[in-house]
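Student: Residues 1 to 138 in my numbering are what the sequence shown lists, from first letter to last.
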Amino acid sequence: MKEAVSHIPAPRDGRDYDPEVLKQAVLEAVNALPAPQDGRDATALEVLPAIDDQKSFPRGTYATHLGGLWRAYEKTHGMRGWECLVDGVADIDVSMTDERLFSVVIRQSSGQCTEKTFSLPVMLYRGVFRAGETYHPG
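See the structure below:
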C-alpha cells in the first residue's frame, strides 16, 4: 500500500481559476444545449371515454376503463400496451353463501379482486324447540 501511495505525485501550489474564463466556458456550454420545445399542458390532455379493444391506440393515449384511468405506454393491440394509472372499482358482487353468511367480492380496474365474508346474527324460525337439535345464536 505504501508503495502505491508513493507513486502519487506530490501536489503543487496552484493558482485560482480566472472567473472570466469560467464564465465564457459556462456560456459556451449553455449555448450548446438544444433549444427547448413546447410540450403538452396537462389540462390539454384528452381522456377517451372507453377503451375499444378492437382498435389500436398510439403511445400516450389516456382513457377510462372499468372505472379506472389508463395510459398507453406503447402502441396498443387489444389491451396489450395499456397500464392502469388510477385503480377504480370495476364491479362489486354480493352473494349469499349460507343462510346467515354473505360474501362481497370487489373487482378493481386493474383486475385485482378482494373478497370478504361476513355473517349476520339474525333469528331464523325453526319451529318449536326440539332437544338434540343444533341451534346457532341469533
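Think of the CB as a built atom: it goes at the ideal place given N, C-alpha and C, for glycine as much as any other residue. These numbers come from a predicted model, not from an experiment.
Taking the alpha-carbon of residue 52 as reference, which of 72, 9 and 36 has the nearest alpha-carbon?
Tutor: Translated into the one-based positions of the sequence shown, residue 52 becomes position 52. For the residues 72, 9 and 36, the minimum Cα distance to residue 52 belongs to 72.
Student: With residue 122 as the anchor, note down where its beta strand (DSSP E) starts and where it stops.
Tutor: The residue you call residue 122 lines up with position 122 of the sequence shown. For residue 122, there is no enclosing beta strand (DSSP E), as DSSP gives it neither H nor E.
Student: Can you round the beta-carbon distance between residue 107 and residue 122 to whole angstroms, since I take them to be within the 8 Å contact cut?
Tutor: On the sequence shown, position 107 is the one that residue 107 refers to. On the sequence shown, position 122 is the one that residue 122 refers to. Contact flag wrong, Cβ pair sits at about 28 Å.
Student: Taking just the CA atoms, how far does residue 28 sit from residue 9?
Tutor: As a working mapping, residue 9 is identified with position 9 in the sequence shown. As a working mapping, residue 28 is identified with position 28 in the sequence shown. Using only the alpha carbons, I get a separation of about 33 Å.
Student: Within this structure, are the beta carbons of residue 105 and residue 113 separated by less than 8 Å?
Tutor: Translated into positions along the sequence shown, residue 105 becomes position 105. Translated into positions along the sequence shown, residue 113 becomes position 113. Taking 8 Å as the Cβ cut-off, residue 105 and residue 113 qualify as a contacting pair.
Student: So what does DSSP say about residue 85, is it helix, strand or coil?
Tutor: Residue mapping note: residue 85 aligns to position 85 of the sequence shown, counting from 1. Residue 85: strand per DSSP, three-state reduction.
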